[in-house]
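Sequential numbering from 9 applies to the sequence shown in the working numbering.
Even glycine gets a Cβ: it sits at the ideal position worked out from N, Cα and C.
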Amino acid sequence: PLMRPSKGSITEAITQFEFPILESIGLLKVDFLGLSTLSVMREAGRLIHERH
């Protein structure tokens, strides 16, 4: 399933799949609904960039 927003600031395509489908092909599903999750991911990215 693919969504292309027609309005707003989001210009990228967005996809959504059920967990069992992603798991069956070895992908990781991450739920970004919580703002704290975004903060943790941002900090992890910063630390990775800093060390590599």
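As assigned by DSSP and simplified to three states, the class of I29
helix
Return the first residue and the last residue of the alpha helix (DSSP H) that V38 is part of.
Counting along the chain, V38 falls outside any alpha helix (DSSP H), and DSSP gives it neither H nor E.
Which residues in the same chain as S17 place their Cβ atom closer than 7 Å to its Cβ, once the five residues preceding and following it in sequence are excluded?
none
Please list, in chain order, all residues of the same chain as L30 whose beta carbon is under 6 Å from its beta carbon, the five residues on each side excluded.
K37
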